[in-house]
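Visitor: For the sequence shown, the positions run 0 to 277 when numbering that gives the first Met the number 0 is used. Each residue gets a CB set at the ideal place from its N, CA and C atoms; glycine is no exception. Model, not experiment: these values are computed from the prediction. Sending over a structure as structure tokens; questions will come in a sec.
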Amino acid sequence: MIRILKLAIPTIISTLTVPLLGLLDVVIVGHLSDPSYIGAIAVGGMMFSLLYWGFGFLRMGTGGLTAQAFGRGDKRDIRLQLIRPLRIAVAVSVFILLLQRPLEQLIMILIGENEPAVSHWASVYFRICVWGAPATLALYALNGWFVGLQRPKLTMYVALLQNILNMLLSLLFVYGFGMQVEGVALGTLLAQWIGIIVALFYAWRTGIFLSGGEPIRLSDVTDKPAMLQYFQVNKHIFGRTLCLIAVTVSFTTFGARQGGTMLAVNTLMMQLFTISPM
């Protein structure tokens, strides 16, 4: 029981930092002059939910497969269980960055009509934060890998550092430099990249990549049976995540269609709902 708690508590703490950070972003822009800023943060956040949440399997699936390799004591396979999802994360990130403008327009269409001010600031938020796509998706894979290695404290350390930096940088840009939504977005972007750099450092410090053994070839990374197994394990996680996205998106979309003030109120309600299980 104690061993389970040692593994679970850091993961719980890491998870709890996410809604608290979202609430802080709302608090920061909520003290600005226009309620459309809160709506813009809600719409911008939902845009990234549509882009990123579907790839949550990079964390959950990687954790399970890494745990199996860890149980076998197969260090070579442990390394592969990180390299493969990182490869997927990089490929998806390149796709998002190359097609960011069409994706932005498509998501705006899915969301529906917004007040012009909300749409403008949501676009500003999106166009800054989208450059954090490689860091965000790669961190999904690394978080799952750490959990699979039974080192969830590393995930907790990265999450705490990233969220604290996000808070401090957003406050600095908004209140120190007089920025608005773009200040929150820039703080988020910088925190994402610092977080992935620290996570990669922790991955190197595990010693898994310094343990020698047979070198990993490109053919090992792209091995078709292994990749098919990876996607076979994750297909149900992907479907479950899409259902969660549909609920969250519909809540924000319906609020957006009733105006910026109603969207801001709905955003606050969603933040309170997210934190309530704490």
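Give the DSSP-derived three-state secondary structure of R100 in the structure shown.
Guide: Reduced to three states, the DSSP call for R100 is helix.
Visitor: Taking three-plus beta-carbon pairs below 8 Å as touching, is the stretch 178 to 196 in contact with the stretch 159 to 166?
Guide: The stretch 178 to 196 vs the stretch 159 to 166: in contact.
Visitor: CB A137 to CB I193, shorter than 8 Å?
Guide: Not a contact, by the Cβ cut-off of 8 Å.
Visitor: Is the CB-CB distance between A116 and V42 below 8 Å?
Guide: Contact: no.
Visitor: DSSP on R126, reduced to helix/strand/coil?
Guide: Three-state result, R126: helix.
Visitor: Given a cut-off of 8 Å, decide if M155 and I12 are closer than it, judged by their beta-carbon atoms.
Guide: In this structure, M155 lies closer than 8 Å to I12 by Cβ.
Visitor: Could you tell me whether the Cβ atoms of Y139 and A202 are closer together than 8 Å?
Guide: In this structure, A202 does not lie closer than 8 Å to Y139 by Cβ.
Visitor: Report the rounded CA-to-CA distance for L97 versus V220, giving the unit in angstroms.
Guide: Answer to the nearest angstrom: the Cα atoms are 24 Å apart.
Visitor: Taking the continuous alpha helix (DSSP H) assigned at V157, which residues delimit it?
Guide: Looking at the DSSP string, the run of the alpha helix (DSSP H) that includes V157 is P151 to L170.
Visitor: Can the beta-carbon of I215 be found less than 8 Å from the beta-carbon of I82?
Guide: In this structure, I82 lies closer than 8 Å to I215 by Cβ.
Visitor: Could you check how far apart the C-beta atoms of I40 and V180 are, in whole angstroms? I think they sit under 8 Å.
Guide: Correct: roughly 7 Å between the Cβ atoms.
Visitor: What are the start and end residues of the alpha helix (DSSP H) that includes M45?
Guide: M45 -> alpha helix (DSSP H) spans S35 to Y51.
Visitor: Thinking just about the alpha-carbon of each residue, which of V157, L160 and F145 is nearest to the one in L6?
Guide: The candidate whose alpha carbon is nearest that of L6 is F145.
Visitor: Evaluate Q161 with the Cβ neighbour count: other Cβ atoms within 10 Å of its Cβ, from every protein chain shown; 16 or more gives buried, anything less gives exposed.
Guide: By the 10 Å Cβ count, Q161 comes out buried.
Visitor: Could you check what DSSP says for P276 in three-state terms: helix, strand or coil?
Guide: Residue confidence is low: P276 scores 47 on pLDDT, short of 50, so the model does not pin down where it sits. Its coordinate-derived value is still stated next. Here P276 sits in coil by DSSP.
Visitor: For G206, which of L4, K74 and G70 has the nearest alpha-carbon?
Guide: For the residues L4, K74 and G70, the minimum Cα distance to G206 belongs to K74.
Visitor: Between I244 and S48, is the Cβ-Cβ spacing less than 8 Å?
Guide: Taking 8 Å as the Cβ cut-off, I244 and S48 qualify as a contacting pair.
Visitor: Just the Cα atoms here: how many angstroms apart are L109 and F69?
Guide: If you take the alpha carbons of L109 and F69, they lie about 42 Å apart.
Visitor: I think G53 touches T240, with their Cβ atoms under 8 Å apart; what is that distance to the nearest whole Å?
Guide: With a Cβ gap of about 6 Å, G53 and T240 count as contacting.
Visitor: Assuming G147 and Q80 are in contact, meaning their beta carbons sit under 8 Å apart, how far apart are those beta carbons, in whole angstroms?
Guide: Rounded, the Cβ-Cβ distance is 7 Å, consistent with contact.
Visitor: Do A90 and V141 count as a contact pair if the criterion is CB distance below 8 Å?
Guide: The question names Val, yet the displayed sequence has Leu at residue 141. No.
Visitor: Using DSSP with H/G/I as helix, E/B as strand and the rest coil, what is L148?
Guide: It is coil, neither helix nor strand.
Visitor: According to DSSP, is M178 helix, strand or coil?
Guide: Coil.
Visitor: Taking a contact to mean a Cβ-Cβ separation below 8 Å, would you say A66 touches S92 in this structure?
Guide: No, the pair does not count as a contact, with Cβ atoms beyond the cut-off.
Visitor: Look up G206 in the DSSP assignment and say whether it is helix, strand or coil.
Guide: G206 falls in the coil class under three-state DSSP.
Visitor: According to the Cβ coordinates, are F237 and F56 closer than 8 Å?
Guide: Contact flag set, yes.
Visitor: Can you list, in chain order, the residues of its chain whose CB lies under 7 Å from that of G182, leaving out five sequence neighbours each side?
Guide: Once the five neighbours on either side are set aside, the close Cβ partners of G182 are S169, F172, V173 and F176.
Visitor: Check whether the Cβ atoms of L50 and I3 lie closer than 8 Å to each other.
Guide: No, they are not a contact pair.
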